[in-house]
Every structure is written in C-alpha cells, then in structure tokens.
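Numbering (the numbering used here), first residue to last: 4 to 222.
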C-alpha cells in the first residue's frame, strides 16, 4: 500500500480521507460483461431520478457544494450528475478502472480521485495549501492549488487538490493495474460516510475484477 499521511496543517482537523489501494489482475481475468450489466442497472436507477431532481433540495446543504461555493467554484460531481440526468450526456465508457470512480460519484454524490499508485514518488502527504502552488494538471493543463484547499504532494510536487483535481504524472492509462482510489471529504463530514463510499466503490471493483486485491484506509 502507498504510504500516506497528513502534515501538521491537518493533524487537528476533522477531515477524513479514504483510500482503496487496488491491485487488479490481468485484464483477461476481468468480468467486463458482468460489470457492464451492473453498471447499466445502476445508471438506469440513477436516471430514474431525473423527473424529481431538484438542485436546491439535493445540494443546498451539501457539505461538498458549500465547500466549492466558498472557493467560488461549482461542485464538479453536481455538474456531472446534472449533465447525465438533465442533458442526456452519455456515461463515459472508457477505461473500466476510471468507470468505477465515475459511477461511484454519480451513485454517492461524493468526490473521488484516482491515481496510478506506481507513479507516485515516495509518500503521499496531505496538507492544507497556504498559497497557490502551480502544477501540471490532467491533460497537460496549467493548474494550481487554492489557499485553504486540501492538497496532496509526493516527492515530485503536488499531485492532487480537492478543487483542481489530479496532476498529469499520476493519471491512469490503459496499462494501469495498480490504481489508488481516493475519497475526499470536506471538514466535518462523518468518517462513516467516507466508509460507505469506499464500500460502494469496492463493490464496483469486485464486480469488475473479483480477484482484485484491495487494501483500504481512512486517514
């Protein structure tokens, strides 16, 4: 399992951070048909909520929504959900390892991240950013941390922030077999909710790859 810890800026803060460190078997051992059937059933159930969906009722008191609004940002999981529910955007059927995380977000409405564990240099250190720190984001885009945002760095620099998302270096590829799934939480969100999200994600992983080896932790 990757080494992960919080620095002093977070030690006294009530911010649970969940991870699933996963070793997938060779793709030949994946149950792609079973995963697709389960995924489509889950998506149909989520889609059935479209007629009764109300943003204010669903998100006005949501701790993630409030966290992103504090930073003058739109909560990305809300935007993804509304694109799927209200705009008929298709579910992205790319790398199934990515699909696990995206499906978890739609199901739980909690924020996740996925990184290639083998590309993380040394330990992952979580901290509250005190300033803007530039890094290369997914797709080669220029990104930076935000003051007060939950941020993670390895020996090479910032690899994730709650607001700006993942870096380019540790993004998944089709060859990734050792991802680490992360569940972000705003301050005060109960650790039990993070645990429930990890349980949901583990169910999806085991449906895709019953022989996957999973180690979990909440820090």
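In this text, a Cβ means the ideal position worked out from N, Cα and C, and glycines have one as well.
Review point. According to the neighbour-count rule (16 or more other Cβ atoms, all chains shown, within 10 Å of its Cβ), is residue 185 buried or exposed?
Key: Numbered from 1 along the chain shown, position 182 holds the residue referred to as residue 185. Buried, since its Cβ has 16 or more Cβ neighbours within 10 Å.
Practice item. Could you tell me the boundaries of the alpha helix (DSSP H) in which residue 197 lies? Key: As a first step, residue 197 must be located in the chain shown, where it is residue number 194. 194-211 is the extent of the alpha helix (DSSP H) around residue 197.
Review point. Around the C-beta of residue 45, are 16 or more other C-beta atoms found within 10 angstroms, so that it is buried, or is it exposed?
Key: As a working mapping, residue 45 is identified with position 42 in the chain shown. Its Cβ being crowded by 16 or more others within 10 Å, residue 45 is buried.
Practice item. Let me know the secondary structure DSSP gives residue 191 once reduced to three states. Key: For the purposes of this step, residue 191 is identified with residue 188 of the chain shown, where counting begins at 1. Three-state DSSP puts residue 191 in coil, outside helix and strand.
**Study point:** Reference residue 15; option with closest CA among 200, 213, 191 and 179
**Key:** As a working mapping, residue 15 is identified with position 12 in the chain shown. It is 191 whose Cα lies nearest to the Cα of residue 15.
Exercise for review: Check whether the segment 4-12 touches the segment 52-71, taking contact to mean three or more Cβ pairs, one atom from each stretch, closer than 8 Å.
Suggested key: The segment 4-12 vs the segment 52-71: no contact.
Review point. Does the distance from the C-beta atom of residue 29 to that of residue 180 stay below 9 Å?
Key: In the chain shown, the residue the question calls residue 29 occupies position 26. In the chain shown, the residue the question calls residue 180 occupies position 177. Closer than 9 Å, so yes.
Review point. Are there 16 or more other CB atoms within 10 angstroms of the CB of residue 58, so buried, or fewer, so exposed?
Key: Working through the chain shown from its first residue, we reach residue 58 at position 55. Counting Cβ neighbours within 10 Å, residue 58 comes out exposed, since fewer than 16 surround it.
Point to revise | Top-ranked residue by Cα proximity to residue 26, from 17, 199, 5 and 143 | key: Position 23 of the chain shown, counted from the first residue, corresponds to residue 26. Nearest option by C-alpha distance: 5.
**Study point:** residue 75 classed as buried or exposed, judged by whether at least 16 other C-beta atoms fall within 10 angstroms
**Key:** The count along the chain shown starts at 1 and reaches residue 75 at position 72. It counts as exposed.
Exercise for review: Answer with buried or exposed for residue 182, where buried requires no fewer than 16 other C-beta atoms within 10 angstroms of its C-beta.
Suggested key: Position 179 of the chain shown, counting from 1, holds the residue named residue 182. Buried: at least 16 other Cβ atoms inside 10 Å.
Point to revise | From 106, 87 and 164, residue whose alpha carbon lies closest to that of residue 128 | key: Position 125 of the chain shown, counting from 1, holds the residue named residue 128. Checked all of 106, 87 and 164; the closest Cα to residue 128 is 164.
Review point. Run through DSSP, which three-state label would residue 75 get?
Key: Within the chain shown, residue 75 is the residue found at index 72, counting from 1. Here residue 75 sits in coil by DSSP.
**Study point:** Span of the beta strand (DSSP E), counted from its first residue to its last, around residue 138
**Key:** What you label residue 138 is simply residue 135 of the chain shown in a count that begins at 1. Where residue 138 is concerned, the enclosing beta strand (DSSP E) stretches over 137-139.
Point to revise | For residue 114, the first and last residue of its enclosing beta strand (DSSP E) | key: As a first step, residue 114 must be located in the chain shown, where it is residue number 111. Neither: residue 114 is in no beta strand (DSSP E) and is coded neither H nor E.
Exercise for review: Report the partner residues of residue 147 according to the DSSP bridge assignment.
Suggested key: Taking the chain shown and counting its residues from 1, one reaches residue 147 at position 144. BP columns for residue 147 point to 137.
Review point. Who are the near neighbours of residue 53 in its chain, counting only those whose CB is closer than 7 Å to its CB and skipping five residues on each side?
Key: Sequence index remark: in the chain shown, residue 53 carries index 50 (1-based). Taken in chain order, the residues that qualify are 88 and 89.
Check your understanding: What is the DSSP secondary structure of residue 94, reduced to helix, strand or coil?
Key -> Position 91 of the chain shown, counted from the start, is the residue given in the question as residue 94. Coil at residue 94, not helix or strand.
Review point. With burial defined as no fewer than 16 other Cβ atoms inside 10 Å of the residue's Cβ, what is the status of residue 108: buried or exposed?
Key: Position 105 of the chain shown holds residue 108. Counting Cβ neighbours within 10 Å, residue 108 comes out buried, since at least 16 surround it.
Exercise for review: Just the C-alpha distance for residue 37 and residue 47, rounded to the nearest angstrom, thanks.
Suggested key: By 1-based counting over the chain shown, the position of residue 37 is 34. By 1-based counting over the chain shown, the position of residue 47 is 44. Cα to Cα, the separation comes out at about 16 Å.
Review point. Taking C-beta to C-beta, are residue 173 and residue 162 nearer than 9 Å?
Key: Residue numbering aside, residue 173 sits at position 170 when the chain shown is read from its first letter. Residue numbering aside, residue 162 sits at position 159 when the chain shown is read from its first letter. Yes, Cβ-Cβ distance for residue 173 and residue 162 is below 9 Å.
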